[in-house]
Amino acid sequence: MKNTPARAPDAELRERIRKLAETFRGTPGPLLEVLHAVQRAVGYVPPAAVPVIAEALNLSRAEVHGVVTFYHHFRHTPPGRRVIRICRAEACQSMNAAGLLAHAQSRLGIGLHETTADGAFSLEPVYCLGNCACSPAVMIGEELHGRVTPQRFDELVTREGQGA
Amino acid sequence: MTITIYVPRDAGALSLGADDVARALTSRTRGPGREVRIVRNGSRGLYWLEPLVEVATAAGRVGYGPVTAADVPSLLEAGLLDGGAHRLCVGPVDELPWLASQQRLTFQRVGIIDPVSLDDYVSHGGFDGLRRALEMAPAAIVQEVTASGLRGRGGAAFPTGVKWKTVLDQRVPTKYIACNADEGDSGTFADRMLMEGDPFMLLEGMAIAGLAVGATQGYIYLRVEYPHADRTLREAIEVARAAGYLGADVLGSGRPFDIDVRLGAGAYICGEETSMLESLEGRRGEVRVRPPLPAIKGLFGAPTVVNNVVTLATVPVILQRGATFYEQYGTGQSRGSLPIQLAGNVRRGGLVERAFGLTLRELLYDYGGGTATGRPIRAVQIGGPLGAYLPVSQLDTPLDYESLSGIGALLGHGGVVVFDDTVDMAAMARHAMEFCALESCGKCTPCRIGSTRGVEVIDRIRLGIDRERNLALLEQLCDTLLNGSLCGLGGMTPYPVKSALQHFGADFRRPI
Chain A
1 MKNTPARAPD AELRERIRKL AETFRGTPGP LLEVLHAVQR AVGYVPPAAV
51 PVIAEALNLS RAEVHGVVTF YHHFRHTPPG RRVIRICRAE ACQSMNAAGL
101 LAHAQSRLGI GLHETTADGA FSLEPVYCLG NCACSPAVMI GEELHGRVTP
151 QRFDELVTRE GQGA
Chain B
165 MTITIYVPRD AGALSLGADD VARALTSRTR GPGREVRIVR NGSRGLYWLE
215 PLVEVATAAG RVGYGPVTAA DVPSLLEAGL LDGGAHRLCV GPVDELPWLA
265 SQQRLTFQRV GIIDPVSLDD YVSHGGFDGL RRALEMAPAA IVQEVTASGL
315 RGRGGAAFPT GVKWKTVLDQ RVPTKYIACN ADEGDSGTFA DRMLMEGDPF
365 MLLEGMAIAG LAVGATQGYI YLRVEYPHAD RTLREAIEVA RAAGYLGADV
415 LGSGRPFDID VRLGAGAYIC GEETSMLESL EGRRGEVRVR PPLPAIKGLF
465 GAPTVVNNVV TLATVPVILQ RGATFYEQYG TGQSRGSLPI QLAGNVRRGG
515 LVERAFGLTL RELLYDYGGG TATGRPIRAV QIGGPLGAYL PVSQLDTPLD
565 YESLSGIGAL LGHGGVVVFD DTVDMAAMAR HAMEFCALES CGKCTPCRIG
615 STRGVEVIDR IRLGIDRERN LALLEQLCDT LLNGSLCGLG GMTPYPVKSA
665 LQHFGADFRR PI
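Chains as they are written, first to last, in the working numbering: chain A, 1 to 164; chain B, 165 to 676.
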């Protein structure tokens, strides 16, 4: 990862993560559930969370690290206030998703996997949002948008930027 | 009398502003006058008309679409509440040829009912299949599914009854039903529509599977990219539990069955069944070597039925109407109906459920109406990112398992993505390799290394570097992936690449 989190999680955060992890102790195969819970609560999975989770679930650090890094969804760095996911899969490509992505990058002034300097937006690729009859598709936070033109993208960014 | 208006809550309809439309309708029909009830249904699957607003009238449900919030005042003025004429009016929705010509078995209720209303579900025949299954011996349920000819709709097309029988025959106390809802293939959204539009049908299918094989716990492995389906499923599970359809004592039978939703985390490979099981167990989604089959040693080492959403959601129809009813649809070894997802650059995209055997040409022109851009169709990709690209000369191929395998293609999960004549097929072939490299779990070498080398070789071909030698090398590399990979990701990435080479070779030989 190209940049480390702004600061190491403090004792309070570690304690929060430990408590979150322990609520899943009775769950079979709990690690993904725990990582989702941590990312929902903190916005990402801080590297310092790995030993805490490992201890709470009686796993090795390597196992937890291996899982965190396997899945595209888990972030290792704090996200912007809004995460914009632009679909790059085939159906969206057939409706010029590449053009939309290029537009988004120049509009936001960032590349994929990057966050704007003001912390408002992170830009991520995604491979299919299941909205393939309404391509190209974009997801902002958990809100799905279909038939997104560059103009519509700008409207969404303006609107979301005000709320962010 | 209360007027019922339907505004979909399907994620696709929401992506086009359905919530804004519902809000505008609510605020403008509030107050004195006729009482209006707004039902948030699933999508009928006519996505070019979404958001499709319907109003229940004496003459059936009259539709308007695509509706924006700004259209609401003029719609109400035109008499929307009585199905009045308006430029957006499409008439009685059930009579639209696009819909009337379909054979909706699995999607019979999607878009029609309130997805989380148990009353709606039951009054439309819901849980009839489960009630019948509760009166049958496990082997008889399995036999019914076998006789229906149902094959796995996730892509592998394995006979469902045969898989269930293997699990039934394992004499161990703990077994699982694992529903694969990791619908990662581009161009597919049938699982999502079902989970958002008729979730009880999936829960019912899983409960029947549990009764059939002797499993008491089911998991739905849902992709994290589907937050709307996640919320709808969890709500439906709560409702079904509270009403006794799930839980410790299914419908007073004394037999337990319960379901949990587990979220994936953005790994395409987890749609592969053994990788999905690893992920459900909380590990890296690396594929397992088979044997043992998941039906013998699956989730947490126990015999496990792994089926796709559409497969499991079709089971209630089979139990309700009987194997013979279902089996009469279709052709050859492709029995029943196929929910086709028509996507990409197409004028009228959406969900077309028909008996197997519809030709691609009928699908693309009669239903699809050609491309959205108005340019000629040049290629279609069937079966997701690992599916073959077909040229227009093959459009008379019927959509069934045998016909497609006869031309070196696969049906997969039933997604059909349309491209117009501006598509660069060498770029699409490169994308297939790039996607494989990005999503490879890394367990086997052909997939992990071969995909990256594939991108490099295609780059050299496109740049004209040693072109003929590299084209030959690409063919060899495809054969290595095809024959040497552990699972379908590496094993099928050659399909789009080889078909692009075969049918669109000129795109690889463009002057630099």
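Beta carbons: idealized from backbone N, C-alpha and C, even for Gly.
Specify the secondary structure class of residue i as computed by DSSP and reduced to three states.
| i | result |
| --- | --- |
| Ser-417 of chain B | coil |
| Leu-502 of chain B | strand |
| Asp-154 of chain A | helix |
| Val-126 of chain A | strand |
| Glu-299 of chain B | coil |
| Ala-404 of chain B | helix |
| Met-139 of chain A | strand |
| Phe-489 of chain B | helix |
| Asp-671 of chain B | helix |
| Cys-343 of chain B | strand |
| Glu-436 of chain B | coil |
| Val-148 of chain A | coil |
| Val-336 of chain B | coil |
| Tyr-659 of chain B | helix |
| Thr-168 of chain B | strand |
| Tyr-553 of chain B | strand |
| Arg-18 of chain A | helix |
| Thr-4 of chain A | Note on Thr-4 of chain A: pLDDT 48, under 50, position unreliable in the model; the coordinate value appears next. Three-state result, Thr-4 of chain A: coil. |
| Pro-480 of chain B | helix |
Is residue i near residue j, with beta carbons less than 7 Å apart?
| i | j | result |
| --- | --- | --- |
| Ala-573 of chain B | Ala-552 of chain B | yes |
| Thr-352 of chain B | Gly-579 of chain B | yes |
| Asp-560 of chain B | Gly-521 of chain B | no |
| Cys-611 of chain B | Leu-653 of chain B | yes |
| Val-377 of chain B | Val-326 of chain B | no |
| Pro-467 of chain B | Lys-339 of chain B | yes |
| Leu-476 of chain B | Cys-651 of chain B | no |
| Gly-449 of chain B | Cys-605 of chain B | yes |
| Met-357 of chain B | Val-274 of chain B | yes |
| Ile-86 of chain A | Val-138 of chain A | yes |
| Gly-209 of chain B | Leu-216 of chain B | no |
| Gly-80 of chain A | Thr-115 of chain A | yes |
| Ala-91 of chain A | Ser-135 of chain A | yes |
| Arg-88 of chain A | Gly-141 of chain A | no |
| Gly-508 of chain B | Val-414 of chain B | no |
| Ile-401 of chain B | Ile-372 of chain B | no |
| Asp-585 of chain B | Arg-539 of chain B | yes |
| Gly-382 of chain B | Ile-341 of chain B | yes |
Starting from the beta carbon of residue i, find every residue of chain A whose beta carbon is closer than 8 Å, and list them in chain order.
| i | result |
| --- | --- |
| Asp-349 of chain B | Cys-128 |
| Gly-275 of chain B | Within chain A, no residue comes near Gly-275 of chain B; the closest Cβ sits about 14 Å away, beyond 8 Å. |
| Arg-356 of chain B | Gly-130 |
| Gln-492 of chain B | Within 8 Å Cβ-Cβ: nothing; Gln-492 of chain B doesn't reach chain A, min ~29 Å. |
Going along chain A in order, which residues have a C-beta closer than 7 Å to the C-beta of residue i?
| i | result |
| --- | --- |
| Glu-445 of chain B | Gly-29 |
| Glu-430 of chain B | It is worth fixing the name first, because residue 430 of chain B is Gly in this sequence and not Glu. Residues of chain A passing the Cβ test: Tyr-71, His-72, His-73. |
| Arg-448 of chain B | Gly-66, Val-67, Phe-70 |
| Phe-599 of chain B | Tyr-127 |
Using a cut-off of 9 Å between C-beta atoms, extract the partners of residue i located in chain A.
| i | result |
| --- | --- |
| Leu-252 of chain B | Within chain A, no residue comes near Leu-252 of chain B; the closest Cβ sits about 17 Å away, beyond 9 Å. |
| Phe-464 of chain B | Pro-28, Gly-29 |
| Phe-583 of chain B | Glu-90, Gln-93, Ser-94 |
| Ala-188 of chain B | Those within 9 Å of Ala-188 of chain B in chain A number zero; the least Cβ separation is about 17 Å. |
| Val-587 of chain B | Gln-93, Ser-94 |
| Thr-266 of chain B | In the sequence under discussion, the amino acid at residue 266 of chain B is Gln, which differs from the Thr named in the question. Under the 9 Å cutoff, chain A gives no residues; its nearest Cβ is about 15 Å from Gln-266 of chain B. |
So residue i contacts chain B; which residues on that side make the cut at Cβ distance below 8 Å?
| i | result |
| --- | --- |
| Arg-82 of chain A | Those within 8 Å of Arg-82 of chain A in chain B number zero; the least Cβ separation is about 15 Å. |
| Leu-101 of chain A | Per Cβ cutoff of 8 Å: no residues; Leu-101 of chain A is ~13 Å from chain B at best. |
| His-36 of chain A | Val-388, Leu-427, Ala-429 |
| Asn-131 of chain A | Ala-175, Gly-176, Ser-179, Phe-353 |
Could you name the residues of chain D that residue i contacts, counting a contact when the two beta carbons are closer than 7 Å?
| i | result |
| --- | --- |
| Glu-142 of chain A | Although the question refers to chain D, the structure presented lacks it and instead comprises the protein chains A and B. |
Residues of chain B with a CB under 7 Å from the CB of residue i: which are they?
| i | result |
| --- | --- |
| His-145 of chain A | Ser-179 |
Name, please, each residue of chain B whose Cβ falls closer than 9 Å to the Cβ of residue i.
| i | result |
| --- | --- |
| Ala-41 of chain A | Residues of chain B passing the Cβ test: none, with the nearest at roughly 15 Å. |
Given the structure, does residue i come close to the ligand FAD, in the sense that its CB is under 6 Å from one of the ligand's heavy atoms?
| i | result |
| --- | --- |
| Glu-517 of chain B | No copy of the ligand FAD appears in this structure; indeed no ligand is present at all. |
**Message:** What are the residues in the region 15 to 28 of chain A lying within 8 Å of chain B by C-beta distance?
**Reply:** Pro-28
**Item:** Chain-ordered residues of the region 64 to 77 of chain A with a beta carbon less than 8 Å from chain B
**Value:** Those would be Gly-66, Val-67, Phe-70, Tyr-71, His-72, His-73, Phe-74, in chain order.
**Request:** Closer than 8 Å, Cβ to Cβ, to anything on chain A: give me those residues from the region 496 to 514 of chain B, in chain order.
**Result:** Gln-505, Leu-506, Ala-507, Gly-508, Asn-509, Val-510, Gly-513, Gly-514
**Item:** Whole runs of the alpha helix (DSSP H) within the region 171 to 245 of chain B, excluding any shorter than 4 residues
**Value:** 175 to 178, 182 to 193, 236 to 241, all fully within the region 171 to 245 of chain B.
**Message:** Quick check on the DSSP output: what are the complete alpha helix (DSSP H) runs of length 4 or more inside the region 347 to 407 of chain B, in order along the chain?
**Reply:** 354 to 361, 363 to 377, 391 to 406
**Item:** Positions along the region 632 to 654 of chain B whose CB lies within less than 8 Å of some CB in chain A
**Value:** none
**Request:** With a floor of 4 residues, list each alpha helix (DSSP H) that falls wholly inside the region 66 to 94 of chain A, ordered by position along the chain.
**Result:** Counting only runs that start and end inside the region 66 to 94 of chain A, the alpha helix (DSSP H) elements of at least 4 residues fall at 90 to 93.
**Asked** Using a Cβ cut-off of 7 Å, which residues of the region 547 to 566 of chain B contact any Cβ in chain A, in chain order?
**Response** Near chain A, meaning a CB-to-CB distance below 7 Å, the residues of the region 547 to 566 of chain B are Pro-549.
**Request:** Check each residue of the region 189 to 211 of chain B: if its Cβ is closer than 7 Å to any Cβ of chain A, include it; give the result in chain order.
**Result:** Listed by position along the chain: Tyr-211.
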